[in-house]
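Novice:
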Amino acid sequence: MESNTALAPFYTEAPDSAREPAVRDAADLLVDALAALGVEYVFGVPGGAIEPLYNALARSARRGGPQAVVARNEQGAAYMADGYARETGKLGVCIATSGPGATNLITGVACAYDNNVPMLVITGQPPIKNFGKGALQESSCTGINTMAMFRPCTRYNSLVSHAEQLPTKLFNALMQAQRAPSGPSHLSIPVDILRAPISSDMETPDFAGLLRRAPALVDLPAVRQLARQLFSARQPVWLIGDGCGEAANELMQLVQRTDGTFITTPDGKGFINPRHPRFRGVFGFGGHASAAELLSSEPDLVIALGTGFGEFNSGGWSAALLNSRLVHVDDSDENLMRSQMARLHVRGHIKSVCEQLIALLNSPQDAALLPFMHPQVARQAYEAMVDSPQALHSDSAPVKPQRLVATLGERCPPQTRFVADAGNSAAWAVHYLAPHDQRARMPGGAYLPAGKERRTRSSSWLRVTMDFAPMGWAIGSAVGIAMANRRCPVVCLTGDGSYLMNGQEITVAAELGLPVLYVVLNDGALGMVKHGQRLAGAEPIGFQLPKVDFAMMAAAMGIPGHVIRTPQDLDALDFEALLSRQGPTLLDVRIDGEEVPPMNLRMKTLGTAR
262 MESNTALAPF YTEAPDSARE PAVRDAADLL VDALAALGVE YVFGVPGGAI EPLYNALARS
322 ARRGGPQAVV ARNEQGAAYM ADGYARETGK LGVCIATSGP GATNLITGVA CAYDNNVPML
382 VITGQPPIKN FGKGALQESS CTGINTMAMF RPCTRYNSLV SHAEQLPTKL FNALMQAQRA
442 PSGPSHLSIP VDILRAPISS DMETPDFAGL LRRAPALVDL PAVRQLARQL FSARQPVWLI
502 GDGCGEAANE LMQLVQRTDG TFITTPDGKG FINPRHPRFR GVFGFGGHAS AAELLSSEPD
562 LVIALGTGFG EFNSGGWSAA LLNSRLVHVD DSDENLMRSQ MARLHVRGHI KSVCEQLIAL
622 LNSPQDAALL PFMHPQVARQ AYEAMVDSPQ ALHSDSAPVK PQRLVATLGE RCPPQTRFVA
682 DAGNSAAWAV HYLAPHDQRA RMPGGAYLPA GKERRTRSSS WLRVTMDFAP MGWAIGSAVG
742 IAMANRRCPV VCLTGDGSYL MNGQEITVAA ELGLPVLYVV LNDGALGMVK HGQRLAGAEP
802 IGFQLPKVDF AMMAAAMGIP GHVIRTPQDL DALDFEALLS RQGPTLLDVR IDGEEVPPMN
862 LRMKTLGTAR
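The opening position of the sequence shown corresponds to residue 262 in our numbering, with each subsequent residue numbered one higher.
(1) Closest to Gly576 by CA distance: which of Thr526, Gln843, Gly567, Leu622 is it?
(2) Report the partner residues of Arg608 according to the DSSP bridge assignment.
(3) Closer than 7 Å by C-beta to Val647: which residues in its own chain qualify, once you throw out the five before and the five after it? Chain order, please.
(4) Return the CA-CA distance between Arg716 and Lys390, expressed in angstroms with no decimal places.
(5) Report back the beta-carbon spacing between Leu761 and Leu806 to the nearest angstrom; my notes put them in contact at under 8 Å.
(6) Looking at C-beta atoms only, is the number of pairs between the region 514-532 and the region 453-469 that lie closer than 8 Å three or more?
(7) Between the C-alpha atoms of Trp722 and Phe392, what's the straight-line distance to the nearest angstrom?
(8) When you compare the CB positions of Cys505 and Phe544, do they come within less than 7 Å of one another, or not?
(9) Taking Gly309 as the reference, which of Gly360, Phe811, Leu587, Arg489 has the closest Cα?
(10) On a CA-only basis, which of Ser443, Gly344, Ile311, Asp835 is nearest Tyr388? Give me that one, please.
(11) DSSP three-state label for Asp849, please.
(12) So what's Asp286 in DSSP terms, helix, strand or just coil?
(13) Taking buried to mean at least 16 other C-beta atoms within 10 Å of its own C-beta, is Gly395 buried or exposed?
(14) Anyone know if the C-beta pair for Cys414 and Ala371 falls short of 7 Å?
(15) DSSP has Phe304 in a bridge; who is on the other side?
(16) What residues match up with Ile383 in a beta bridge as DSSP calls it?
(17) Just checking, does the region 321-329 make contact with the region 480-497 on the three C-beta pairs under 8 Å criterion?
(18) Suppose you measure from the CA of Pro560 to the CA of Gln496; what does that come to, to the nearest Å?
(19) CA-CA distance, Val809 and Asp462?
(20) Once DSSP output is grouped into helix, strand and coil, what is the label at Pro419?
(21) Assuming Pro675 contacts Pro696 (C-beta within less than 8 Å), just tell me the rounded distance between them.
(22) For Gly305, count neighbouring C-beta atoms within 10 Å of its own C-beta (all shown protein chains included) and say buried if the count is 16 or more, exposed if not.
(23) Terminal residues of the continuous beta strand (DSSP E) containing Thr755?
(24) Is the number of C-beta pairs between the region 374-389 and the region 439-451 that are closer than 8 Å three or more?
(25) How long is the line joining the alpha carbons of Asp784 and Thr349, rounded to whole angstroms?
(26) Taking the Cβ atom as the reference point for each residue, do Val498 and Val563 lie within a distance shorter than 7 Å?
(27) Report yes or no: do the region 477-486 and the region 331-346 share at least 3 C-beta pairs separated by less than 8 Å?
(28) Looking only at C-alpha atoms, which of Gln328, Ile501, Phe411, Lys351 sits nearest to Asn365?
(29) Let me confirm a value: Cys402 is counted as buried when at least 16 other C-beta atoms fall within 10 Å, else exposed. Which label applies?
(30) Taking the straight line between their C-alpha atoms, what separation do you get for Asp728 and His654?
(31) In terms of residue numbering, what span does the alpha helix (DSSP H) encompassing Gly684 cover?
(32) Given a cut-off of 7 Å on the beta-carbon distance, is the pair Cys753 and Val680 in contact?
(33) Between Arg586 and the rest of its own chain, which residues show a CB-CB distance below 8 Å, the 5 nearest in sequence each way excluded?
(34) Grouping DSSP H, G and I as helix and E and B as strand, with all else coil, what is Gly542?
(35) What span of residues does the beta strand (DSSP E) with Val777 cover, start to end?
(36) Using DSSP's beta-bridge definition, name the partner residues of Phe804.
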């Protein structure tokens, strides 16, 4: 290798003291606020209009504060911030320059908005004096108006026109992002405002103190009313949604004390042990017939917690769920408004509601501990719940997607985080994925990740995105999850269509040495489109994709890849080794594209089911 000695003068860094400005600017104030909130990473793509913020992040990183993570596309940056927020329960932060940088963020921000992910979005603007003059990439009200574009998909949206406004508007943005219902807040800041010096006598909020969570509020009369109904209910059904992560253990106690059973929404499955003896399956998109049959049997009481009853989470607004037998528990009025037919609404922090119920239901007549269930028996019980159980063990080639997902559940370490992309990947994961965990032999326990890490409201072994579900979301989200929790490997299930949209973000995982296994379900098609057209009797058009060797693409990026053509190829992999290496690996799995995913709910709500 040739010497780079001649280039050395260009890369010599000045001492830290020479690089630190004598006066703090507005960008420093913003980064200091993030540090006070415990935010570790800011995801984005640099540009001229946002340069002062990157300068502040460079200074912050030298002090051990928030660091910049550079995505390959701003959309990917938003997905990374989404994954980071879901895993940590902290604020996800993404930034972009003006104009196309800002518009590239919008899909990821809209996804976070529809899935209640707390996020701070910062975009740049040209100098404010140049507004209206046709400045490069101007995106204010006198240019391509990104402020108007962000308005429908943010909880707070404002242009900072004076440096003195920043403390107040930043505080408002942070408050709105994290209050229920949580979601993204957007601040657009001209470059000259970011550079503006901050006076030493400018009052700034105590961001960490003012944003500290208030004591959990609970509607106690409603909780007592629910307790009375539970005393008289016969085997109530508990529906666990995406807002229940923090309360998973309390919910398992309640299921046992009430002699009940439980089901989950698709995005709630990752908070529970799917091999629990009282689990009756997922209700909604990709779900199980056993869950739908349970609700159709007209139980006298159904308690739904932490869900907004969107299309995928409500079984297409199923009357078997949305009726007068329902009790809806949530801390978001926006969610509660979607269940006007419920017999009772219980407002409050879900974990606190569950703790109150446990105290009220405590009695000498508590149900006995569940009997020990051998892991093999638990596995067989879950397999009996799924469609096409024979496909889980098929040795035919190409690989059955059911066999692939079952193998991942069995072979990956118990602390693995799975993230499944929109479309077929999510359907297969929701229906068939059931991680093997030896601690399942502990009766009555919820699924707890290994490593004794504290369970946050958002951390989950399975992440799928509901409602606004963009293709490629999981690819960036996996990076954010891995950055948030380096003790847990991450498996990203994605399709070849999604990977062709956003696959370049794998190079971020490579650059940062993140243990992410990217599993591409490669069938040469937009699978949900293809099967949807067939099931609806529609014209077969537009679903074909070119034959691509994704392992070779990965190799070109310096990332190891494997082509999996048979179940034997899959079985030969050392998953422990793949998931413990410091960097990503890609599996190009040639799946049987004729296997139809569990997507009948989608066909029904589109009105095309036959």
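Every residue, glycine too, gets a C-beta built ideally from N, C-alpha and C.
Specialist: By the coordinates alone:
(1) Thr526
(2) Asp591
(3) His549, His692, Tyr693
(4) The predicted model places Arg716 with a pLDDT of 42, which falls under 50 and marks its position as unreliable; any figure quoted below should be read in that light. So the alpha carbons of these two residues sit roughly 48 Å apart.
(5) 7 Å
(6) no
(7) 47 Å
(8) no
(9) Gly360
(10) Reading off the sequence shown, one finds Pro at residue 388, where the question assumed Tyr. For the residues Ser443, Gly344, Ile311, Asp835, the minimum Cα distance to Pro388 belongs to Ile311.
(11) strand
(12) strand
(13) exposed
(14) yes
(15) Val330, Cys355
(16) Ile356, Leu448
(17) no
(18) 8 Å
(19) 60 Å
(20) A small correction: the amino acid at residue 419 is Ser; Pro does not occupy that position in the sequence shown. Note: Ser419 maps to strand in three-state DSSP.
(21) 6 Å
(22) buried
(23) 751-756
(24) yes
(25) 34 Å
(26) yes
(27) no
(28) Phe411
(29) exposed
(30) 32 Å
(31) Here Gly684 belongs to no alpha helix (DSSP H), and DSSP marks it neither H nor E.
(32) yes
(33) Glu559, Pro560, Asp561, Leu562, Val563, Arg604
(34) strand
(35) 777-783
(36) Phe804 pairs with nothing; no bridge assigned.
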